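Structure first, commentary second.
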Amino acid sequence: MTTMREGAVAAPAGDQFLKVEEHGIEPIPPSERHGRSRELAFLWGGAFVNYASLLTASLATSFFGLGVWDGLAAVVLGSLAAAVVLGLLSHTGPRSGLPQIAFTRGIFGEHGARIGAFLTLFLAVGWFAVDTVIAAQAGTQMVGLAGLGTGRETTLLLTLVIAALSVVVAVYGHATIKVFETFGAIVFGVLSALLFALLATGFHWTAGPSVGGADYPGAFVLGFMSCFALVASWFPFASDYSRYLPADTPPRGLTWWPVVGVMVPMTLLGLFGLLLPTLDPKVAAGPGGVLAVITRHAPVWVALPFFAFVVLGEVWANYLDVYTAGLVTLTMGIRLRRWQTALGCGILGAALAVYAVAVRDFHIAYEQFLLITYLWAPAWAGIVLLAFHRTARARPAHAIAAWAVATAISLCFVNYPNVVPGAHAFNQPLIDALHGADLSGLVSVGVAVGVYGLSLRLHRRRSR
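In terms of the numbering used here, the sequence shown has 66 at position 66, counting the first letter as 1, and numbering is strictly consecutive.
Right, dumping it as structure tokens:
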């Protein structure tokens, strides 16, 4: 007979390595709960041990004008703030057994949850495209080092191959994802450490900021918010990967193991990403980014396997994207089996990735994508956490209204020229007064929590 003590239940037949997962968005029954919260550290570590973490951190020095150590402070603070929220959201999985978006039906109602599901589907498909493009670019660098072609045709071909691999494993589901994330993160971490050691003597460790005076706080906020947005993009995914844990899993581990999983790679790879541009600032600011810096300055014998694991790291991240896309599609009421919806969403993401490779400037597209993320996800997460930790909930209409008001107000604080070069938006005087700081994500969560918290107080008074 099984028990619900943490770690005492063996993995059920429907959730095992290289077997297609049977569960969709229904609650995981107590008899099938298994695992320990520390597994979340490896899973989220695998999600962040990839080039996206390097790229996002490198923006602080390559594009925003911060130095190495103040840039690292922005990376750490932004990542930590969002990682704590991610850990808190993970509590909803063991408590309910539900995927994250399905859980919010009790907060936003059926229709409100479908709005969140649609936005999460866009987020998952968009991240699938971003990760696939990153992997294809790394694969192109690897092919170039091997003396083969490095043109756009090569990148497009690799995009299709990588998309196919991502979908295949995501179709299998939770247990397969967990295995690949855990062991892949370890191998990639070792390779990253080796490459870092080989390049360390060429880094300009004391490189300072290129902006100063009143413009400096704005640059710091941009660095902070970029990393916050990177982690925040996983908010709607949180309990998808904690729902198999026993209901009595200790709360402390549910919060802090995801934080550890996020912060170790974001700090170490973040520092790597901040230092790489100091080797060759012009190359780092070009279309190849810091991947091109590695190609130019690293020994081939370590650059080749590193690029190989950049590719694999993005594929592992894609497993999470496609898996959650399948779950939220079910929440939207599309009655297909989860693996079928995962396959369809993977195909859509692959098409978007091909489009990004063929006609778009990837770095600008990436910043635009991060902007879309922190316009709605922080406010949504604030409402979910407030409702989860309060016994009384306001009506779903109040939650939706708080979310909408927060998102609308946050639009006034977006630094539009930062993501659309040359744009002159309606809020330009405010952005000029803030010296370029983009506070939209912080404003959205603050307004959402304030408005929804007020509605909870009014609801309690009326219920007395």
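A virtual CB, placed ideally from N, CA and C, is assigned to each residue, including glycine. If you're wondering where the values come from, they're calculated on a predicted model, not measured in any experiment.
Check	Outcome
Nearest neighbour of L54, chosen from A303, L157, A82 and S192 [CA to CA]	S192
Contact check, G261 vs W403, beta carbons under 7 Å	no
Identity of the residue in N318, A113, F108 and D280 nearest G487 by Cα	Because the chain in this structure spans residues 1 to 464, residue 487 falls outside the shown range and cannot be described.
Buried versus exposed call for A433 [16 or more other C-beta atoms within 10 Å across all chains shown]	exposed
Inter-residue Cα distance where the pair is R36 and G286	43 Å
First through last residue of the alpha helix (DSSP H) which encompasses Y319	V300 to T331
Short Cβ contact (7 Å threshold) for Y322 with G344	Looking at the sequence shown, residue 322 is not Tyr but Val. No, Cβ-Cβ distance for V322 and G344 is not below 7 Å.
Proximal residues to R297 (C-beta, below 7 Å), its chain only, five neighbours per side dropped	Looking at the sequence itself, residue 297 is His, so the reference to Arg does not match. Excluding residues within five positions, the ones whose Cβ falls inside 7 Å are L199, G202, L279 and D280.
Contact check, A163 vs T132, beta carbons under 7 Å	yes
Burial state of L121, where buried means 16 or more other Cβ atoms lie within 10 Å	buried
The ligand PLP heavy atom lying under 6 Å from the CB of E367	This structure lacks the ligand PLP; in fact it carries no ligand of any kind.
F224 to F369 span [Cα, whole Å]	16 Å
Span separating the alpha-carbon of G436 from that of E26	45 Å
Residue nearest to G116 in terms of C-alpha spacing, selected from R395, V384, S444 and R390	V384
Cβ contact check for the stretch 150–162 and the stretch 370–389: 3 or more pairs under 8 Å	no
Where the alpha helix (DSSP H) through P236 begins and ends	Looking at the DSSP string, P236 is not in any alpha helix (DSSP H), and its letter there is neither H nor E.
W69, DSSP secondary structure in three states	helix
Cβ neighbour criterion (16 or more within 10 Å) applied to D240	buried
Reduced DSSP secondary structure (H/G/I, E/B, other) of G7	Since pLDDT at G7 reaches only 39, below the 50 mark, its modelled position is unreliable, and the value read off the structure follows with that caveat. DSSP places G7 in coil when its eight states are reduced to three.
Rounded straight-line distance, which links the Cα of G78 to that of F228	4 Å
Alpha-carbon to alpha-carbon, V449 and I101	18 Å
8 Å contact criterion, which T249 and P94 should meet: CB distance rounded	5 Å
Exposure label - F183; buried when at least 16 CB within 10 Å	exposed
Beta-carbon proximity list for V75, same chain, < 6 Å, skipping 5 on both sides	A57, C227 and G270
Proximity below 7 Å, CB of V447 to CB of A397	no
R5 burial status per 10 Å Cβ neighbour count (16 or more: buried)	Legend: pLDDT at R5 = 36, less than 50; position of this residue unreliable, no value from coordinates given.
G147, enclosing alpha helix (DSSP H) - first and last residue	Looking at the DSSP string, G147 is not in any alpha helix (DSSP H), and its letter there is neither H nor E.
Short Cβ contact (7 Å threshold) for A129 with T159	no
Closest Cα partner of V49 within the set A350, H34, I186 and I28	I186
Close-in-space but distant-in-sequence residues of the same chain around A306 (CB under 6 Å, 5 per side omitted)	Here residue 306 is Phe; the residue named in the question, Ala, does not match the sequence. Only L191 and L195 meet the Cβ criterion.
Terminal residues of the alpha helix (DSSP H) in which S37 lies	Looking at the DSSP string, S37 is not in any alpha helix (DSSP H), and its letter there is neither H nor E.
Three-way DSSP call (helix, strand, coil) for V49 in this model	coil
R152 in three-state terms, based on DSSP	helix
C-alpha gap between E32 and S242, whole angstroms	13 Å
Whole-number beta carbon distance between A207 and V68, since they are thought to touch under 8 Å	5 Å
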